[in-house]
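Novice:
Residue numbers (the working numbering): 211 to 643.
1) Starting from residue 419, trace the alpha helix (DSSP H) both ways and give me its first and last residue.
2) Specify, as a first and last residue, the run of the alpha helix (DSSP H) that residue 518 falls within.
3) Go to residue 474, then tell me how far its alpha helix (DSSP H) extends in each direction, as first and last residue.
4) Between 298, 286 and 316, which lies nearest to residue 327 when the distance is taken from Cα to Cα?
5) Please state the DSSP three-state secondary structure of residue 573.
6) For the beta strand (DSSP E) that residue 287 lies in, which residues bound it at each end?
7) Return the first residue and the last residue of the alpha helix (DSSP H) that residue 499 is part of.
8) Helix or strand or just coil, what does DSSP make of residue 331?
9) Under a three-way DSSP split, which group does residue 639 fall into?
10) Please state whether DSSP places residue 242 in a helix, a strand or coil.
11) Mark residue 540 as exposed unless 16 or more other C-beta atoms lie within 10 angstroms of its C-beta, in which case mark it buried.
12) Suppose contacts are defined by Cβ-Cβ distances below 8 Å. Is residue 324 in contact with residue 234 by that definition?
13) Only counting the same chain, and skipping five residues up and downstream in sequence, which positions put a Cβ closer than 6 Å to that of residue 447?
14) Under 8 Å by Cβ, that's how I've got residue 289 and residue 319 pegged, so tell me the actual separation to the nearest angstrom.
15) Just to confirm my understanding: we take residue 294, look at its own chain, exclude 5 residues before and 5 after, and list those with CB closer than 6 Å. What are they?
16) What's the gap between the Cα of residue 251 and the Cα of residue 351?
17) Please list the terminal residues of the continuous beta strand (DSSP E) segment that includes residue 524.
18) Is the beta carbon of residue 492 less than 8 Å from the beta carbon of residue 538?
19) Considering only their Cβ atoms, is the gap separating residue 609 from residue 261 smaller than 8 Å?
20) Note down, in chain order, each residue of its chain lying with its Cβ closer than 6 Å to the Cβ of residue 503, except the 5 sequence neighbours on either side.
21) To the nearest whole angstrom, what separates the beta carbons of residue 432 and residue 386, a pair I think is in contact under 8 Å?
22) My output table needs one value for residue 355: the three-state DSSP class, helix, strand or coil.
23) Please give the ranges of any beta strand (DSSP E) in the segment 540-621, keeping only runs that are unbroken, at least 3 residues long and fully inside the region.
24) Going by C-alpha distance, which of 617, 300, 322 and 247 is nearest residue 237?
25) Identify the residues that DSSP records as bridge partners of residue 512: which are they?
26) Residue 625 bridges to which residues according to DSSP?
27) Would you kindly work out how many angstroms separate the C-alpha atoms of residue 414 and residue 628, rounded to a whole number?
28) Which residue's Cα is closest to the Cα of residue 271: 380, 364, 599 and 635?
29) Please report the distance separating the alpha-carbon of residue 620 from that of residue 573.
30) Give the straight-line distance between the Cα atoms of residue 635 and residue 346, rounded to the nearest whole angstrom.
31) Taking only the alpha-carbon atoms, compute the straight-line gap between residue 263 and residue 531 and give it to the nearest angstrom.
32) Do you know whose CA, among 253, 246, 417 and 519, lies nearest residue 568's CA?
33) For the segment 333-341 against the segment 367-376, are there 3 or more C-beta pairs whose distance is under 8 Å?
34) For residue 284, count neighbouring C-beta atoms within 10 Å of its own C-beta (all shown protein chains included) and say buried if the count is 16 or more, exposed if not.
35) Can you tell which of 389, 358 and 369 has the C-alpha that lies nearest to the C-alpha of residue 381?
Now the structure itself:
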């Protein structure tokens, strides 16, 4: 059966009322700076610093409110159980007996970065007319490698409708880091698009986290057309400079690709392929002479949310650090003044996340779908955010120092805080998952 016929059979009548939904990870109550990610320069630089879980989570809520004010659809993904006692049990230990590095890895709140939750292929791109989601395995980093079971449980709950197909992780050893290494270009969200999988091979002293075989597996699993699927290698220079994911040096939305000059190993071939598949594409390339890789990575210029506003115009949701980096802000102002395709700049304060190496785009998983097909417990409005904010204010620890990660009272507070949130949202079936 042809894709259009499949969609009609599913009740879409040839038209799919899909839109972009940004699912932000709520920053968990165990948010701390253990510096667990080699290649993530911010996380390494702030290792051992005092974290502020409550402020971090409230900053994330404020970002979601700002998205709603722009007229965007907003969803949430929930904190994972921490410490991860099941993972530790698999290592034949307990939190009380575990070595310090295992304690830190079991307590990590890195699931807050929802861009690493999964890779998403919207229904207009797939042969069966369903939106496919493949949970990321994150096997490259020990502290992230045990996230996928809890993420999968949430995806299976949020996207249980027949409009979706939720898949388990790509088998190891092929590392998959989710949407952070995946981009989509399209004339409209409900039209067939071009899906771009970015993989790495080397990065000097740092690991390349996305394996080409993982990307190819997901493309086959999601039943994408080979004619509209591109596999692109990230440049060695970008990885070596600290671009541990593609979304640190490139982002795409609609007809716009926004990328650093040094993002890709063979950009000329990549750009030629894009222009062949989408002649009216807007490739917005930031020259290295204007913004260095180091400035781009420090400011997270490209780890911004590139979004379509209800007006049809394109906006860039940026961290405050972009305005505080002179070369970056100068380039952005010149682009907007020059009537470039990015028409609006929106600044958000996510400094707690930034200090651990995650900007606005890291905090969200972009899903193009009909919001009515999503479990409503994972969709938010202002009133629902009020309820979440109240739980955070009452239960999230104000500060966590690294010498506290073994403190029994802190662990009890972390577990109590998550339980309170899940009870408030009516997702109690996830308490032990």
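For each residue, glycine too, the CB sits at the ideal point set by N, CA and C.
A quick note: this is a predicted structure, and the numbers were derived from the prediction, not measured.
Specialist: Let's see:
1) First-last for residue 419: undefined, no H or E at that position.
2) Unbroken run through residue 518 is the beta strand (DSSP E), 515-518; no alpha helix (DSSP H).
3) No alpha helix (DSSP H) contains residue 474, which DSSP labels as neither H nor E.
4) 286
5) coil
6) 283-287
7) Unbroken run through residue 499: none, as it is neither H nor E.
8) strand
9) helix
10) coil
11) exposed
12) yes
13) 472
14) 7 Å
15) 316 and 356
16) 15 Å
17) 524-529
18) no
19) yes
20) 451 and 472
21) At roughly 13 Å, the Cβ-Cβ gap does not stay under 8 Å, so residue 432 and residue 386 are not in contact.
22) helix
23) 552-558 and 574-579
24) 322
25) None, per the DSSP bridge assignment.
26) Answer is none; residue 625 lacks a bridge partner.
27) 39 Å
28) 599
29) 25 Å
30) 25 Å
31) 20 Å
32) 253
33) yes
34) buried
35) 358
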